[in-house]
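*Asks:* Here the protein sequences line up with chains A and B, keeping their order.
At position 155 of the first sequence the residue is numbered 159 (this note's numbering), and the sequence of numbers has no breaks.
At position 111 of the second sequence the residue is numbered 620 (this note's numbering), and the sequence of numbers has no breaks.
Backbone N, C-alpha and C define an ideal beta-carbon position, used for all residues, glycine too.
Take this structure first; my questions come after.
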Amino acid sequence: MKTSKKLGLALFLLAVFVLVPVMIAATGRKDLYYTLTSVALLSIGSAGVWLTFYIGRINIGQGAYALMGGYVSAILMTQAGFSFWATLPLGGLFCALISVGIGVPILRLRGVYFAMVTLVLTEVARLTALALPVTNGAKGITSIPLPGALSIGGVTLIPDFATMANPKLAFYLLAVTMMVASYAVLWRIVNSRLGHLCRSLQQNEELAASIGVNTAYLRVLVYAISSFFGGISGVVFVAISQSIYPSSFVVTDSVNFMLYCFVGGLSYVAGPMVGTLLLYFGWDLLTVAKDYQMLIYSSAMIALMLVLPNGVLSLLDRIGGKK
Amino acid sequence: MTAILQVKGITKRYGGLTAVNAVSFDVQKGEILSVIGPNGAGKSTLFKLISSFVPTSGGEVLFNGTRISDLAPHKVARMGVVRTFQETTIFKSMTVRENIIVAHHLRSKSSLFGFFIGSSQARADEAEFGASADEIVDFLGLQAIRHELASNLPQGHLRALGMAIGLATKPTILLLDEPFAGMNHDETMTMVANVRRLRDERGLTVLLVEHDMPAVMKISDRIVVINFGEKIAEGTPAQIQANPKVIEAYLGSEDAAIGL
């Protein structure tokens with residue numbers, strides 16, 4: 005890594021872990037915790053969508069996995085007495101497992117066909133949640149306990165959220181830690197041979213097969229990782245709202261996950277994160293425009309795609325004089 | 510000489526149309542064998558059948574006595590039967606060197622997870638791929654365009670890159686799909702020399718499907734001619750040139766029959 009990049013990373017970590025909490029404490033804008041926590045969690049989901057873009061698949065189904073992860077966590081906690089901390093990886097793994105089953109047949113599709121199937125997936129997940137007895141139908145699952153204490157070998161690493169003076173801060177820190185970890189994984193994937201193979205798949209699957217790449221396996225592997233990200237973001241969302249309904253994640257959310265990637269930039273690892281921040285905040289800020297909120301938001305989005313088709317982060321390249 | 514690749518009665522039907530009909534021939538170890546035929550004769554289909562990119566309707570292809578027909582393409586590549594492509598099939602948004610490096614996939618000893626965590630085996634693999642890619646660049650004389658983006662390359666260089674990608678997999682037999690198509694005379698001659706060197710210096714067996722007659726006559730040890738999906742002749746370039754069936758296939762007999 006270059007020095008400038010290291011510096012940028014250090015500044016970023018300092019900002020999310022120290023500056024943001026300090027600023028919020030100073031200004032008393034506690035509501036920002038919820039907004040920023042949501043941004044962090046959504047950007048984990050978008051990281052997954054971004055990864056499927058990286059193998060040349062348009063994924064509009066991430067909402068399904070967020071919903072699935074959320075339900076797995078909610079059911080395990082309320083009905084089987086699991087700790088939140090156990091359901092966090094389990095929710096992700098469950099989604100990864102399911103995505104293997106779904107991915108094997110549908111990842112053979114490309115382009116708009118794959119996109120359409122994934123779009124339907126979110127709706128299927130919602131209807132399944134409505135129909136199954138274990139998910140309690142439209143009434144959903146409520147009064148989910150806050151995350152308990154996490155202790156390993158008698159040492160309490162994280163105290164019980166219910167006993168905390170400021171659980172919002174705790175959720176914020178949990179979400180950004182997960183976000184940083186997810187993006188570290190993403191960065192590592194992209195910059196290792198795995199990333200090269202993903203690019204080979206994105207650019208030409210036939211040629212990739214001819215050089216001996218097991219394209220079917222790689223596609224499913226990447227899709228499983230992507231769905232894991234979707235799942236864990238769903239788990240934490242449910243923990244924050246302490247409830248989940250079939251409508252907690254709908255098609256709009258799936259579309260948004262994809263839009264975050266587009267707006268941020270599909271060729272930048274940080275793209276989905278930046279896109280999520282911009283769009284989520286942009287939408288919030290536009291509430292002052294009342295009835296015109298959607299109109300302005302959509303127009304801005306169209307303009308953005310026309311002016312910066314490679315995402316907001318491509319501005320950096322332009323300034324840096326690359327290409 | 511022993512047969513390294515045996516094509517036995519291979520057939521491909523698309524609905525009612527038989528594109529390739531019971532074609533059989535052997536490829537000997539270390540030879541350069543060309544498959545030729547007029548437009549629409551079924552060359553490309555035959556090529557895809559041999560590289561297992563399309564399923565067969567009948568017959569089989571044996572590599573060193575093992576059936577490779579109807580296996581997944583990556584498995585066939587893994588066994589040492591590697592194809593190149595007719596069109597500009599390369600990884601467009603990678604540089605020449607990156608294209609060749611990524612094609613070293615089959616030679617990685619580390620697992621994908623090893624690459625993810627950057628294990629010592631993975632780092633050793635990466636170093637080896639880089640060195641090997643540079644060696645292939647030198648072998649094919651691509652030094653000047655080593656760091657050029659593949660999408661910026663002219664036709665001739667694209668073909669060479671396609672061959673470089675094939676070489677990176679360390680094949681036993683390389684299947685070239687129209688390696689001379691769209692090339693000018695000089696480029697063709699360079700390519701002919703390169704294909705020869707593959708065999709002479711690297712001991713590869715080469716099977717190619719081609720249109721360009723002068724190049725085929727120059728390069729091949731043996732030639733198989735197909736027409737309307739069937740094999741009509743097999744032999745050395747001299748034998749093929751003198752074969753009346755081949756001449757008829759290329760010049761056409763209907764014209765004479767209807768008095769033109």
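Look up B:Asn814 in the DSSP assignment and say whether it is helix, strand or coil.
*Replies:* In this structure chain B extends from 510 to 769, so residue 814 of chain B is not present and cannot be described.
*Asks:* Taking C-beta pairs closer than 8 Å, name the residues in chain A that B:Arg592 reaches, listed in chain order.
*Replies:* Ser214
*Asks:* Would you say B:His666 faces chain A, with C-beta separation under 8 Å as the test?
*Replies:* Closer than 8 Å: no.
*Asks:* With DSSP run on the structure shown, which of helix, strand or coil describes B:Thr699?
*Replies:* Helix.
*Asks:* Alpha carbon to alpha carbon, how far is A:Ile48 from A:Gly234?
*Replies:* 7 Å
*Asks:* Is the Cβ of B:Leu770 closer than 8 Å to any Cβ of chain A?
*Replies:* Because chain B is modelled from 510 through 769, residue 770 of chain B falls outside the range shown and cannot be assessed.
*Asks:* Would a check of beta-carbon distances place B:Ala765 closer than 8 Å to chain A?
*Replies:* Confidence at B:Ala765 is low in this model, with a pLDDT of 47, below 50, so its placement is unreliable and the value that follows should be read with caution. B:Ala765 does not count as touching chain A.
*Asks:* Should the segment 120-128 of chain A be called in touch with the segment 229-246 of chain A, which here means at least 3 C-beta pairs below 8 Å?
*Replies:* no
*Asks:* Given A:Leu92, which residues of its chain have a CB within under 8 Å of its CB, disregarding the five upstream and five downstream residues?
*Replies:* Excluding positions up to five away in sequence, the list reads Ser77, Ile236, Val239, Val240.
*Asks:* By the three-class DSSP mapping on this structure, what secondary structure does A:Lys143 have?
*Replies:* helix
*Asks:* Determine, using beta carbons only, whether A:Gln207 comes closer than 8 Å to chain B.
*Replies:* yes
*Asks:* Quick one, which of A:Ala293, A:Ala212, A:Ala185, A:Ser251 has its alpha-carbon nearest A:Pro13's?
*Replies:* Strictly speaking, residue 13 of chain A in this sequence is Leu, with Pro absent from that position. That would be A:Ala185, whose Cα lies nearest to the Cα of A:Leu13.
*Asks:* Do A:Leu222 and A:Leu201 have their C-beta atoms closer together than 8 Å?
*Replies:* yes
*Asks:* Does the beta carbon of B:Val605 sit closer than 8 Å to a beta carbon anywhere in chain A?
*Replies:* Answer no: the Cβ-Cβ gap between B:Val605 and chain A never drops below 8 Å.
*Asks:* Could you work out which residue in B:Pro663, B:Gly675, B:Asp730, B:Val715 is closest to B:Asn693 when comparing CA atoms only?
*Replies:* The shortest Cα separation from B:Asn693 among B:Pro663, B:Gly675, B:Asp730, B:Val715 belongs to B:Pro663.
*Asks:* Looking only at its chain, what residues have a beta carbon closer than 7 Å to the beta carbon of A:Val121, apart from the 5 residues adjacent to it on each side?
*Replies:* Ile110, Leu113
*Asks:* Below 8 Å, how does it come out for the segment 278-291 of chain A and the segment 303-318 of chain A: are there three or more Cβ pairs, yes or no?
*Replies:* Segments in contact, yes.
*Asks:* Provide the residue(s) that pair with B:Arg522 in DSSP beta bridges, ordered along the chain.
*Replies:* B:Thr527
*Asks:* Taking only the alpha-carbon atoms, compute the straight-line gap between B:Ile674 and A:Leu94 and give it to the nearest angstrom.
*Replies:* Cα to Cα, the separation comes out at about 41 Å.
*Asks:* Check the Cβ of B:Leu621 against every Cβ in chain A and list those closer than 9 Å, keeping chain order.
*Replies:* Ser196, Arg197, Leu198, Leu201, Leu222, Leu225
*Asks:* On the criterion of 16 or more Cβ atoms from any shown chain inside 10 Å, does B:Ile735 qualify as buried, or is it exposed?
*Replies:* Burial call: buried.
*Asks:* On the CB-based measure, 16 or more other CB atoms within 10 Å of its CB, does B:Ala765 come out buried or exposed?
*Replies:* Because B:Ala765 carries a pLDDT of 47, less than 50, the predicted location of this residue cannot be relied on, and the following value inherits that uncertainty. Under this definition B:Ala765 is an exposed residue.
*Asks:* A:Leu136 to A:Arg130, Cα distance in whole Å?
*Replies:* 10 Å
*Asks:* Determine the extent of the beta strand (DSSP E) in which B:Asp730 is found, giving its start and end residues.
*Replies:* Run containing B:Asp730: none; DSSP gives neither H nor E here.
*Asks:* Output the distance between the C-alpha atoms of A:Val26 and A:Ser42, rounded to the nearest integer angstrom.
*Replies:* 19 Å
*Asks:* Which full runs of the alpha helix (DSSP H) of 4+ residues lie inside the segment 611-670 of chain B, going along the chain?
*Replies:* 621-626, 629-648
*Asks:* Between B:Val704, B:Phe648, B:Gly650, which has its C-alpha nearest B:Asp686's C-alpha?
*Replies:* When the alpha-carbon of B:Asp686 is set against those of B:Val704, B:Phe648, B:Gly650, the nearest one is in B:Val704.
*Asks:* Pull up the distance between the alpha-carbon of B:Ile732 and that of A:Thr56, whole angstroms please.
*Replies:* 45 Å
*Asks:* Determine the closest residue to B:Val570 out of B:Ser553, B:Lys517, B:Phe556, with distance taken between C-alpha atoms.
*Replies:* Distance from the Cα of B:Val570 is smallest, within the candidate group B:Ser553, B:Lys517, B:Phe556, for B:Lys517.
*Asks:* Between A:Asn140 and chain B, is there a C-beta pair that is closer than 8 Å?
*Replies:* no
*Asks:* Have a look at B:Glu657 and B:Val701 and give me their C-alpha separation to the nearest angstrom.
*Replies:* 24 Å
*Asks:* Does the beta carbon of B:Phe534 fall short of 7 Å from some heavy atom of the ligand HEM?
*Replies:* By its list of ligands, the structure shown contains no ligand whatsoever, and the ligand HEM lies outside what it can speak to.
*Asks:* Determine which residues share a DSSP beta bridge with B:Asn736 and list them.
*Replies:* B:Glu739
*Asks:* Look at the Cβ atom of A:Tyr187, then the Cβ atom of A:Ala44, and state whether they are nearer than 8 Å.
*Replies:* No. Outside cutoff.
*Asks:* Whole-angstrom Cβ separation of A:Ile248 and A:Gly144, contact assumed at under 8 Å?
*Replies:* 6 Å
*Asks:* Can you tell me whether B:Phe770 is buried or exposed, with buried defined as 16 or more other CB within 10 angstroms of its CB?
*Replies:* Outside the shown range of chain B, which is 510 to 769, sits residue 770 of chain B, and nothing can be said about it.
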